[in-house]
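Participant:
In the working numbering, the protein residues as written are 987 to 1238.
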């Protein structure tokens, strides 16, 4: 079968991370946390929970079979709530849902399956299709079920969803990027670009040969404070949103 990738420019395939990069996970999670918590407490807890996920991913041995993300999120939320600094939040969290801790945790975990996109994303994706002729793919950690739920809730359209469950390993394992490129017919990694709001993801993608674009989101990469390093690692391709993404891809 002939290769159907027909981008008008050097880039033929654009791979996107999903949560954080394309989706506003923070609003969804904050809205799902118990009303007994203040808005600041809910926001801080959501950010701490999210950071715990990244810490877990980066400490996972390369090639390890991915764990169901719902199991990961459940375990990590309980661990975050058990931290001494969160004792007050934990007490009120556990009093939610008529004292049913399991129900409150389950409700919070399920919120990861229901998100809206950032306001700039839908139009940005449409411009890439119209102006660059690239195919657009999700390449993200998590289950395929999670990704199906998220494309439905966000109403975003992609040509294919590549989950860590489907690929058999989690980012930043290099095999994940290479397998995704192989599956979409990219023989030259320079014809693909990874777009993400996570520096660790782009560092691995670059090592696998992909070009990279970093999207700054206030919800993610809170520990990445060296902006000069981010610009240097991504050849200056650092954006605040998707508004200029199509023009950036044309220049790659």
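Backbone N, C-alpha and C define an ideal beta-carbon position, used for all residues, glycine too.
Remember, it's a predicted structure, so these values are computed and weren't measured experimentally.
(1) Excluding the five sequence neighbours on either side, which residues of its own chain have a C-beta within less than 6 angstroms of the C-beta of residue 1161, listed in chain order?
(2) Can you name, in chain order, every residue of its own chain whose Cβ lies under 7 angstroms from the Cβ of residue 1175, other than the five neighbours on each side?
(3) When DSSP labels each residue in this structure, what does residue 1007 get in the three-state scheme?
(4) Buried or exposed: residue 1218, going by 16 or more other Cβ atoms within 10 Å of its Cβ?
(5) Residue 1008 and residue 1103 - do their beta-carbons sit closer together than 9 angstroms?
(6) From residue 997 to residue 1178, what distance separates their C-alpha atoms?
(7) With a threshold of 16 other CB atoms inside 10 Å of the CB of residue 1226, please say whether the residue is buried or exposed.
(8) Tell me, to the nearest whole angstrom, how far the beta carbon of residue 1112 is from that of residue 1145; I am working on the premise that it is less than 8 angstroms.
(9) Counting only C-beta atoms, is residue 1182 closer than 9 angstroms to chain C at any point?
(10) Can you tell me whether residue 987 is helix, strand or coil according to DSSP?
(11) Secondary structure at residue 1123, three-state DSSP: helix, strand or coil?
(12) Per DSSP, which residues does residue 972 bridge with? Please list them.
(13) Keeping to the same chain, check which residues put their C-beta closer than 7 angstroms to that of residue 1028; ignore five residues upstream and five downstream.
(14) From residue 1114 to residue 1153, what distance separates their C-alpha atoms?
(15) Let me know the secondary structure DSSP gives residue 1062 once reduced to three states.
(16) Going by DSSP, name the residue or residues bridged to residue 1178.
(17) Taking the alpha carbon of residue 1169 as the reference point, which residue from 1124, 1066, 1117 has its own alpha carbon closest?
(18) Who are the near neighbours of residue 1182 in its chain, counting only those whose CB is closer than 6 angstroms to its CB and skipping five residues on each side?
(19) Whose CA, out of 1034, 1058, 1099, 1053, lies closest to the CA of residue 1067?
(20) For residue 1165, which residues of its own chain have a beta-carbon under 7 angstroms away from its beta-carbon, when the five flanking residues on both sides are left out?
(21) Mind checking whether residue 1098 and residue 1057 have CB atoms under 9 angstroms apart?
(22) Looking only at its chain, what residues have a beta carbon closer than 6 angstroms to the beta carbon of residue 1011, apart from the 5 residues adjacent to it on each side?
Facilitator: Walking through what the data contain:
(1) 1155
(2) 1167, 1194, 1195, 1196
(3) coil
(4) exposed
(5) yes
(6) 5 angstroms
(7) exposed
(8) The pair is not a contact, with the Cβ atoms about 14 angstroms apart (cut-off 8 angstroms).
(9) Absent here is chain C; the protein component of the structure consists of one chain.
(10) Because the pLDDT of residue 987 is 35, which lies under 50, any placement of that residue in the model is unreliable, and the question is left without a value.
(11) strand
(12) Past the boundaries of the shown model lies residue 972; the chain is included only from 987 to 1238, so the question cannot be answered.
(13) 1016, 1019
(14) 25 angstroms
(15) helix
(16) 999
(17) 1124
(18) 1003, 1007, 1188
(19) 1034
(20) 1153
(21) no
(22) 1005, 1101
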